[in-house]
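Each protein sequence line maps, in turn, to chains G and R. 80 is the number of the first residue of the first sequence in our numbering; add one for each residue after it. 80 is the number of the first residue of the second sequence in our numbering; add one for each residue after it. Glycine residues also receive a C-beta, built at the ideal position from the N, C-alpha and C atoms.
Protein chains: 2
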Amino acid sequence: MKSSEAKKEFIQAWGSLGSSWGINRTMSSIHALLMSSAKPLSTEDIMAELQISRGNANMNIRSLIDWGLVKKRFIPGERKEFFEAGKDIWEIARQIASERKKRELSPVVQVIGELKDKEDKSDPAFSQLLEDMHDFTTTLTSVMDKFENSDRNWFFKKLVKLFT
Amino acid sequence: MKSSEAKKEFIQAWGSLGSSWGINRTMSSIHALLMSSAKPLSTEDIMAELQISRGNANMNIRSLIDWGLVKKRFIPGERKEFFEAGKDIWEIARQIASERKKRELSPVVQVIGELKDKEDKSDPAFSQLLEDMHDFTTTLTSVMDKFENSDRNWFFKKLVKLFT
DNA sequence: TAATACTTTCAATAATTATTGAAAGATTTA
DNA sequence: TAAATCTTTCAATAATTATTGAAAGTATTA
Numbered sequence: 080m081k082s083s084e085a086k087k088e089f090i091q092a093w094g095s096l097g098s099s100w101g102i103n104r105t106m107s108s109i110h111a112l113l114m115s116s117a118k119p120l121s122t123e124d125i126m127a128e129l130q131i132s133r134g135n136a137n138m139n140i141r142s143l144i145d146w147g148l149v150k151k152r153f154i155p156g157e158r159k160e161f162f163e164a165g166k167d168i169w170e171i172a173r174q175i176a177s178e179r180k181k182r183e184l185s186p187v188v189q190v191i192g193e194l195k196d197k198e199d200k201s202d203p204a205f206s207q208l209l210e211d212m213h214d215f216t217t218t219l220t221s222v223m224d225k226f227e228n229s230d231r232n233w234f235f236k237k238l239v240k241l242f243t
Numbered sequence: 080m081k082s083s084e085a086k087k088e089f090i091q092a093w094g095s096l097g098s099s100w101g102i103n104r105t106m107s108s109i110h111a112l113l114m115s116s117a118k119p120l121s122t123e124d125i126m127a128e129l130q131i132s133r134g135n136a137n138m139n140i141r142s143l144i145d146w147g148l149v150k151k152r153f154i155p156g157e158r159k160e161f162f163e164a165g166k167d168i169w170e171i172a173r174q175i176a177s178e179r180k181k182r183e184l185s186p187v188v189q190v191i192g193e194l195k196d197k198e199d200k201s202d203p204a205f206s207q208l209l210e211d212m213h214d215f216t217t218t219l220t221s222v223m224d225k226f227e228n229s230d231r232n233w234f235f236k237k238l239v240k241l242f243t
């Protein structure tokens, strides 16, 4: 089964978005392919559709599973694994935000916190910068925690309220 | 003038953050260096401190200026250009958010919008996905617009309210 | 105008990151 | 247990991205 033109363009667009955000293009293309597919796909389906090697497909599927964006699906009577992506954009956003917080934001909060403590205060402006950054990254973390744990409607309502 | 250990670590940390978010490591290092410097620095200062070539320094300083994160400063009596970064973390975040919206989010909103219109509806689930994505990216855009145009206190108050 | 001080550009090179494909490892079926 | 089917790993290679440094370009001073 070949994808329609619209799906191809979607895969293309999602792939570019990913790569400009520091995520491997193939990984985001596979994600887009799975999101736009009505049924779960096998590694071979993915290889054929995106014209990529087995190793590449395998590796990026694993990453997507690590990110919690893709799940294995066993299909009765089939021996090989099939893969499926969640299609709820809210959940997808939540998952990505949560992973990026863990992988990229937390380490920085950590480092800034440590620096702030050991800084010698010889440059007050720099101490202030560290202080501000610590506050900022901490606040950002708690916003993301809230997002992570909120249910869709709650957060959306709050958001609407925020902008009215 | 050499940076203190804490500043060096800060530059390191900020550089890693940048590169994991798809921003050139040197660019974010220069940004960190300028943020942590009490006085404006020349291209040569930056080259010396970060041990990079003139071309590299020049190019990444230009990018930072394009991003609105760094400004030229003319110093009386000096012939060469000096550079200075804003130190208000709130402004920095706003600037980065605003640029990323323009550079990465807007093109996607655009593509999704176009796809949504030309999609042939042969796969209702995919049409729905496009619809949802369009809503989501549009909402995200308006949140960022609001952030872009808000003043610090207003947004912060709203944020606190959101989490109490 | 010529020399000087500085900035920008860009082709060459280096470093990093992604991809391949074949071999090794698992797991299932006969 | 052996063959078949599928998955994972990984060293080699390709593609991409970053960096260099010297040459060209610009502006300032004498």
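Beta-carbon proximity list for residue i, same chain, < 8 Å, skipping 5 on both sides
| i | result |
| --- | --- |
| alanine 176/G | Met223, Phe226, Glu227 |
| aspartate 202/G | none |
| threonine 216/G | Leu184, Val187, Val188, Ile191 |
| glycine 97/R | Asn103, Arg104, Met106, Ser107, Ser108, His110 |
| serine 211/G | Just to set this straight, residue 211/G is aspartate in the shown sequence, not serine. No residues qualify anywhere along the chain. |
| threonine 220/R | Lys180, Leu184, Ser185, Val188 |
| arginine 173/G | Phe226, Glu227 |
Nearest-angstrom beta carbon gap, residue j and residue i [assumed within contact, 8 Å]
| i | j | result |
| --- | --- | --- |
| serine 95/R | phenylalanine 205/G | At roughly 19 Å, the Cβ-Cβ gap does not stay under 8 Å, so serine 95/R and phenylalanine 205/G are not in contact. |
| tryptophan 93/R | glycine 101/G | At roughly 15 Å, the Cβ-Cβ gap does not stay under 8 Å, so tryptophan 93/R and glycine 101/G are not in contact. |
| glutamate 163/G | leucine 113/G | 6 Å |
| methionine 126/G | alanine 117/G | 19 Å between Cβ atoms; not a contact. |
| tryptophan 146/G | glutamate 123/G | Contact doesn't hold; Cβ gap of about 22 Å is too wide. |
| leucine 209/R | leucine 194/R | 6 Å |
| phenylalanine 154/G | proline 119/G | Note that residue 154/G corresponds to isoleucine in the displayed sequence, not to phenylalanine. At roughly 7 Å, the Cβ-Cβ gap stays under 8 Å, so isoleucine 154/G and proline 119/G are in contact. |
Where residue i falls: helix, strand or coil (DSSP)
| i | result |
| --- | --- |
| lysine 197/R | helix |
| asparagine 232/G | helix |
| phenylalanine 161/R | strand |
| lysine 118/G | coil |
| lysine 237/R | helix |
| lysine 151/G | strand |
| serine 108/G | helix |
| serine 98/R | helix |
| isoleucine 131/G | coil |
| serine 142/G | helix |
| serine 185/R | helix |
| aspartate 224/G | helix |
| glycine 192/R | helix |
| aspartate 202/R | coil |
| serine 83/G | coil |
| arginine 173/R | helix |
| asparagine 103/R | coil |
| aspartate 211/G | helix |
| isoleucine 90/G | helix |
| aspartate 124/R | helix |
| lysine 166/G | coil |
Chain-order list of residues whose beta-carbon lies under 6 Å from that of residue i (same chain, five-residue window excluded)
| i | result |
| --- | --- |
| serine 142/R | Met106 |
| glutamate 160/R | Lys151 |
| methionine 80/R | Residue confidence is low: methionine 80/R scores 45 on pLDDT, short of 50, so the model does not pin down where it sits. No coordinate-derived value is stated. |
| asparagine 139/R | Thr105, Met106, Ile109 |
Own chain residues within Cβ distance below 7 Å of residue i, not counting five before or after
| i | result |
| --- | --- |
| isoleucine 171/G | Leu148, Gly165 |
| phenylalanine 89/G | Ala111, Ser115 |
| arginine 231/R | Trp169 |
| aspartate 167/R | none |
| isoleucine 131/G | Thr105 |
| histidine 213/R | Ile191, Gly192, Lys195 |
| lysine 240/G | none |
Quick one: which residues of the segment 82-99 of chain G get their C-beta closer than 9 Å to a C-beta of chain R? List them in chain order.
Answer set for the segment 82-99 of chain G: Ser83, Glu84, Ala85, Lys86, Glu88, Phe89, Gln91, Ala92, Trp93, Ser95, Leu96, Ser98, Ser99.
Touching by the beta-carbon criterion (3+ pairs, under 8 Å), the segment 83-94 of chain G and the segment 182-201 of chain R:
Judged by Cβ distances under 8 Å, the segment 83-94 of chain G makes contact with the segment 182-201 of chain R, as three or more pairs qualify.
Could you list the residues in the segment 104-122 of chain G with a C-beta less than 9 Å from some C-beta on chain R, going in chain order?
From the segment 104-122 of chain G, only Met114, Ser115, Ser116, Ala117 have a Cβ closer than 9 Å to chain R.
Residues of the segment 146-171 of chain R with a CB closer than 7 Å to any CB of chain G: list them in chain order, please.
Those residues of the segment 146-171 of chain R that come within reach of chain G (Cβ to Cβ, closer than 7 Å) are Lys166, Ile168.
According to a CB-to-CB cut-off of less than 7 Å, which residues of the segment 177-190 of chain R neighbour chain G?
Those would be Glu183, Val187, Val190, in chain order.
Please identify, using Cβ separations under 9 Å, the residues of the segment 124-135 of chain G that lie next to chain R, in order along the chain.
Against chain R - using a Cβ distance shorter than 9 Å - the segment 124-135 of chain G contributes no residues.
Against chain G: residues of the segment 194-206 of chain R by CB proximity under 8 Å
Taking 8 Å as the Cβ-Cβ cut-off against chain G, the residues of the segment 194-206 of chain R that qualify are Leu194, Lys197, Glu198, Asp199, Ser201, Asp202, Ala204, Phe205.
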